[in-house]
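**Student:**
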Amino acid sequence: MTTDSSSTNRAPAEGISTFKGRERALRADRLGTGGLLLSVLAATAPLMVVAGVMPTTFAVMGIVGQPLLFVVLGAVLVLFSLGYAEMSRHVHNAGAFYAYISRGLGGTAGAGAALVALVAYNSLQVGIYGIFGFEVSGLFATYADLEVAWWIPALAAALAVGALGWLKIDVNAKVLGVLLIIEVLLVVVFDIAAVADPGKEGLSLHAFNPDTLTGAGVGTALCFCIAAFLGFEQAPVYAEETSRPHVLVPRVMFLAVTGVAVFFAISSWALTVATGPATIVATSQEQSAGLLFFLTEDRLGSTFTDVLHVLFVTGMFAAMLSFHNVVARYAFAMGREGLLPAAFGRTTGSSGAPGTGSLLQSGIAVVLVLTFALTDDKPAGDPTAPVLHLFTWGGNIGALGVIVLMAIASLSVVVFFVRRGAAGAQAWRLVTSAVAGIALLAIAVYTVKDFDVLVGTGPDSALRWILPGVIGLALVTGLVQGAILRTRAPGTHARIGLGNEAFQLEKEAGRTP
């Protein structure tokens with residue numbers, strides 16, 4: 001990926017169209033530390049991770065040391081956040097990843113990153129509709145004795161999320177926050193119960209032993225576990241909507257990544273304590289995604305487990321809403337800068353929300369849910385059922401895209417500060433960014449290499465290359481778009497990554513009325 005010489009301190013070139021009125025800017029001062037933190041953490045869907053990701057990692061990878069993996073990944077992502085957060089002090093743009101990459105590596109690279117971000121976060125969001133519909137269908141069957149096709153609750157959720165996308169972000173933050181707090185409290189109750197009533201091996205710390213991370217499954221286990229962190233990197237997306245982005249965004253990022261690492265390390269350790277480290281893999285293989293509910297039924301009773309099932313569903317809804325907001329803001333930023341039609345770069349009515357981007361994401365979700373529903377000719381419990389493909393394919397495509405973006409953003413941080421002549425002052429952040437970038441690149445390579453394991457296809461299946469190829473295609477397409485804009489529309493190309501700053505610079509230069 002090449003860099004553009006104009007990538008640092010780029011000012012708008014002649015011919016850039018001016019942005020007039022509030023509709024070209026997201027409403028500021030709507031989010032404080034609490035609202036921003038809740039919006040970001042909701043995307044991690046803590047209960048979905050504890051009930052879904054953790055048992056799957058234990059069962060498929062056979063890695064007992066999952067708690068240690070969360071500690072290791074937490075350290076890597078803290079290193080990444082040091083440079084990423086410092087960039088947030090200099091760049092305030094709803095298209096966070098691609099804006100940062102544009103400032104470091106140039107507008108062409110930024111265009112490539114923009115399309116990757118749009119595809120990745122859409123994939124993550126839509127993928128959750130699959131597991132959401134599957135779980136809600138199961139709840140109807142269990143508690144109401146009704147057979148409801150999975151796509152019906154999935155479509156209902158898509159419409160509800162789309163409606164909330166039109167509301168103010170503070171309303172969304174309240175919805176996300178209530179659901180998140182209840183989820184976390186329930187998981188903490190289980191953690192305490194597991195410690196109070198451990199399995200036959202007692203309060204063993206064996207899961208934190210480095211010897212538990214040996215074997216061929218470690219690389220793929222890293223791919224599973226890093227997906228559990230996705231969400232913390234979204235804080236800069238909301239920078240324009242905070243009162244003090246240079247303070248709040250870094251603060252929220254560090255609170256999110258450290259909190260998530262500690263919470264998931266303790267919770268995955270609690271699972272090993274409840275079953276015993278020697279039997280956690282076998283029990284996970286037997287119980288699959290029912291592991292947590294199996295353990296709470298025994299220790300905390302059926303009523304607690306029933307509530308947990310419901311909160312499992314509401315937690316997924318919170319994650320869908322959070323990812324929806326991020327996609328809408330990326331579409332808004334891309335529309336404002338000429339990477340999507342101009343209609344996407346306008347806010348909606350009195351709410352100041354990126355309404356057109358919200359409609360785009362809702363439309364994509366509905367189309368994909370209907371597509372998978374029309375091809376669904378197997379029982380929902382069948383591991384080859386399209387409903388589960390929607391979840392595994394979408395989730396892993398999205399995770400790969402975000403890992404790639406983080407790796408490129410790490411390089412961009414280094415280039416950005418070197419070009420500004422701040423390499424000496426920022427030396428330790430540049431080192432941490434480089435180390436994090438190398439680690440993230442290694443995880444991305446493992447993800448592609450083992451994609452057949454991640455999505456449950458055979459090693460000879462063409463899908464092992466086609467599915468990760470979606471991210472590769474998005475990157476190449478975006479780079480081509482950026483190269484074309486650089487040649488045919490240099491003014492638009494110069495605006496990539498500047499966001500509302502382009503408008504402000506034009507106004508200061510006297511080119512706007």
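The opening position of the sequence shown corresponds to residue 1 in this note's numbering, with each subsequent residue numbered one higher. C-beta: ideal position from N, C-alpha, C; glycine also.
Are the CB atoms of residue 158 and residue 327 within a distance shorter than 9 Å?
**Tutor:** Not closer than 9 Å, so no.
**Student:** According to DSSP, is residue 365 part of a helix, a strand, or is it coil?
**Tutor:** Three-state DSSP puts residue 365 in a helix.
**Student:** Helix, strand or coil for residue 287? Go by DSSP, reduced to three states.
**Tutor:** Three-state DSSP puts residue 287 in a helix.
**Student:** Suppose you measure from the CA of residue 304 to the CA of residue 185; what does that come to, to the nearest Å?
**Tutor:** Approximately 12 Å, taken between the alpha carbons.
**Student:** Residue 429 and residue 105: beta carbons closer than 9 Å?
**Tutor:** It is not a contact, given that the beta carbons lie outside the stated cut-off.
**Student:** Does the pairing of the segment 252 to 271 with the segment 109 to 124 give three or more beta-carbon distances under 8 Å?
**Tutor:** Contact between the segment 252 to 271 and the segment 109 to 124 is absent, because fewer than three Cβ pairs lie under 8 Å.
**Student:** I need the straight-line Cα distance from residue 50 to residue 300, nearest angstrom please.
**Tutor:** Between residue 50 and residue 300, the C-alpha separation is close to 16 Å.
**Student:** Classify residue 347: buried if its beta carbon has 16 or more other beta carbons within 10 angstroms, exposed otherwise.
**Tutor:** Looking at its Cβ environment, which holds 16 or more other Cβ atoms inside 10 Å, residue 347 is buried.
**Student:** Could you give the residue range of the alpha helix (DSSP H) that holds residue 135?
**Tutor:** Segment 107 to 139, the alpha helix (DSSP H) holding residue 135.
**Student:** Where residue 207 and residue 277 are concerned, what is the direct C-alpha to C-alpha distance, given to the nearest angstrom?
**Tutor:** Whole-angstrom Cα-Cα distance: 7 Å.
**Student:** Identify whether residue 21 lies in helix, strand or coil by the three-state DSSP scheme.
**Tutor:** Only weak support exists for where residue 21 lies, its pLDDT of 43 falling under 50; the value from the coordinates is given anyway. Coil.
**Student:** Can you tell me whether residue 209 is helix, strand or coil according to DSSP?
**Tutor:** Coil at residue 209, not helix or strand.
**Student:** Alpha carbons only, please: which of 192, 132 and 58 is nearest the one belonging to residue 225?
**Tutor:** Closest by alpha carbon: 58.
**Student:** Answer yes or no: do residue 52 and residue 131 have a C-beta to C-beta separation smaller than 9 Å?
**Tutor:** In contact: residue 52 and residue 131 (Cβ atoms closer than 9 Å).
**Student:** Within the same chain, show all residues whose beta-carbon is closer than 7 Å to that of residue 255, passing over the 5 residues directly before and after it, in chain order.
**Tutor:** Same-chain partners within the cutoff: 37.
**Student:** Classify residue 433: buried if its beta carbon has 16 or more other beta carbons within 10 angstroms, exposed otherwise.
**Tutor:** Per the 10 Å Cβ criterion, buried.
**Student:** Go ahead and pull the three-state DSSP assignment for residue 29.
**Tutor:** Below a pLDDT of 50, predicted positions are generally treated as unreliable, and residue 29, at 48, falls in that range; the measurement from the model is reported next regardless. In the structure shown, residue 29 sits in coil (DSSP, three-state: anything other than H, G, I, E or B).
**Student:** Whose C-beta lies closer than 6 Å to the C-beta of residue 22 among residues of the same chain, with five residues either side of it excluded?
**Tutor:** Residue placement at residue 22 is flagged as unreliable, the pLDDT there being 45, under the threshold of 50; a coordinate-derived value is accordingly withheld.
**Student:** When you compare each of 343, 77, 212 and 204 to residue 229 by their alpha carbons, which one comes out closest?
**Tutor:** Out of 343, 77, 212 and 204, 77 has the C-alpha closest to the C-alpha of residue 229.
**Student:** Given a threshold of 16 other Cβ atoms within 10 Å of its Cβ, counted over all protein chains shown, does residue 450 qualify as buried or as exposed?
**Tutor:** Result: buried.
**Student:** Where residue 338 and residue 362 are concerned, what is the direct C-alpha to C-alpha distance, given to the nearest angstrom?
**Tutor:** When rounded, the distance between both Cα atoms is 21 Å.
**Student:** Got a sec, what are the start and stop residues for the alpha helix (DSSP H) residue 491 sits in?
**Tutor:** Unbroken alpha helix (DSSP H) run through residue 491: 490 to 495.
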